[in-house]
Each structure stands twice: as structure tokens, then as C-alpha cells.
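In this text, residue positions in the sequence shown follow my numbering: the first is 949, and each later residue adds one.
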Amino acid sequence: QTIWKATRLVAEEIGDEVVVSTTAWGPFTFAAQLRGVENLMRDVYKRPDLAKGVIELSREAVTTFYRPLAEEGTIEVVALAEPTASGDLISKRHFDAFVLPPLQRFSSDMKGLGAYTFLHICGNTTDKLGSIAESGVDLISIDSKVDIAEAKQVFSGVMCLGGNVNPVAVMKDGTADEVEDACRDCLEKAAGGGGFFLMPGCDIPPSVPEENIRRLIGAARKYRPG
């Protein structure tokens, strides 16, 4: 209720100027919060039916969370975070079996409500790019560990791509000029043909200098094609 209220307040205040959304765990990561990450990792091997049951319960919960905001038009984009689906934690085989099906159903349900789905998966997902392209989401945000040029080849014409300026080495620890250089590199590799959002490769720390954030925004406007 608190998040719903806050989202409505923000949308009412600035919804005409920017895209307003709110973030929730994706089905697989939410299931890991319920079971515990280590327990869910064991379940996918030893008790796959149990794992799928918890993941399905989680998908239903996430859908229930977003439904009223999407139905009333408060948000046009739902934002899912799936850090537990990272290549640093699970294989492509398990991604295809346990992560992809609920993502496909969730994104389909959101389309039925008139909302786009934004997905972020932490870590190196290079071996899963083809699977993500089949998920039905509208925008995939990739980590700085992924080659953005390779990702662009996979997702071009399929879904929008977002990324992937390093949130720590560049955004937090880099100079403003280094931020601009990294942004320009991303844009040169991935902005051609459209369907690209320049953004950090993951959440940025609170200690990121304000000037670096401003430089990222400025670089997006300065170097965008056309």
C-alpha cells in the first residue's frame, strides 16, 4: 500500500515529464527471497517441482503487486530486477527451465494490462542473451560485464536495450570526462538503429558524484544519433 501510494504521488507530480515506474523482484529472485538463495539453488537440482511451485507463487504475487498500478494507468512501465538469475549464479539450462517461462507469462500479462516490461539482470548474462530475447519483455538492461555490441546484435529489432556504463569503476570512481567517454563508447556501439537507452550497468551507489550523473545525461543528449 505504501509503495502504491508513493508511486501515485510521484506520477501525479512529474508523470507528464518523465516515465514513472516502481521496481519489484522478478519471479525467480522473489522465490529466492522466500526460500533463501542457497535453498533455491539446491531445489533446482534436487526438488525442481518445489522450486517451480515457489517461483509460480512468486510470479502471481508480483503480478498482483503491479496490476492495480497498470490497470489505472499510473505506470506504463513495470520494472523487474532479477539478480538471482545472474550468470554468476545459475546456468543457461536452469535459466531456460526456471526463469524464462515465468518471465514470458508475466510480460504477456503486463501487455494485456497495457504496460511495458523493463528487466534488469545483474552479472554476466552473455550466454543467456538469446533466451532473454525470447522472454517477451520490452527492454532489457544489461550489466557492465556484458559486451554491449554483442547484446545489440542479439536484441536489435526484438526489444530495447539499456546499459551499460560501469556503476562503480566509472560512475562512482571515474572523473566526469571518463563518464562521458564511457557513455560515448556505449552509444557508438549500441545506439545505431534506435531502441537503446543509455544507463548505468546496475544500481549506482549513493556516493556517485552528482556531476557524473549530470554528465551521463548530457552525454546521452550530446551523442545520440540523429
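Don't be surprised by glycine CBs; every beta carbon is placed ideally from N, CA and C.
What residue range does the beta strand (DSSP E) around residue i cover?
{"i": "N1112", "result": "1108 to 1113"}
{"i": "A1027", "result": "1025 to 1029"}
{"i": "A972", "result": "971 to 973"}
{"i": "L1146", "result": "1144 to 1148"}
{"i": "F1066", "result": "1064 to 1069"}
{"i": "S1089", "result": "1087 to 1090"}
Am I right that residue i and residue j are in contact with their C-beta atoms under 8 Å? What's the rounded C-beta distance?
{"i": "V1047", "j": "A1033", "result": "5 Å"}
{"i": "I1096", "j": "A1063", "result": "Not quite, the Cβ-Cβ distance comes to about 26 Å (not below 8 Å), so this is no contact."}
{"i": "T955", "j": "T1022", "result": "6 Å"}
Could you tell me if residue i is buried or exposed, where buried requires 16 or more neighbouring beta carbons within 10 angstroms of its beta carbon?
{"i": "R1007", "result": "buried"}
{"i": "T971", "result": "exposed"}
{"i": "Y1014", "result": "buried"}
{"i": "V1156", "result": "buried"}
{"i": "D1091", "result": "buried"}
{"i": "D964", "result": "exposed"}
{"i": "K953", "result": "exposed"}
Is there a C-beta anywhere in chain B that falls below 8 Å from the one on residue i?
{"i": "F1103", "result": "The question asks about chain B, but that chain is absent: this structure has only one protein chain."}
Hey, out of the options, whose CA is closest to residue i's CA?
{"i": "G1111", "options": "G1078, T1073, R956, S1079", "result": "T1073"}
{"i": "K1120", "options": "G1142, C1150, L1146", "result": "C1150"}
{"i": "V1026", "options": "G1142, T1123, W973, I1165", "result": "W973"}
{"i": "Y1171", "options": "N1160, L1146, V1102", "result": "L1146"}
{"i": "Q981", "options": "L1005, L1135, G1141, A1081", "result": "L1005"}
Is the beta carbon of residue j closer than 8 Å to that of residue i?
{"i": "D1075", "j": "C1108", "result": "no"}
{"i": "R1061", "j": "A1029", "result": "Looking at the sequence provided, one finds Leu at residue 1061 rather than Arg. Their beta carbons are not under 8 Å apart, which means L1061 does not touch A1029 by this criterion."}
{"i": "D1044", "j": "S1079", "result": "yes"}
{"i": "I1003", "j": "A979", "result": "yes"}
{"i": "S1083", "j": "L1067", "result": "yes"}
{"i": "E1159", "j": "A1117", "result": "no"}
{"i": "V1106", "j": "H1042", "result": "no"}
Grab the span of the alpha helix (DSSP H) containing residue i for me, first residue to last.
{"i": "T1012", "result": "996 to 1019"}
{"i": "M1058", "result": "1048 to 1060"}
{"i": "G1178", "result": "Missing from the structure shown is residue 1178; the chain here goes from 949 to 1174 and no further."}
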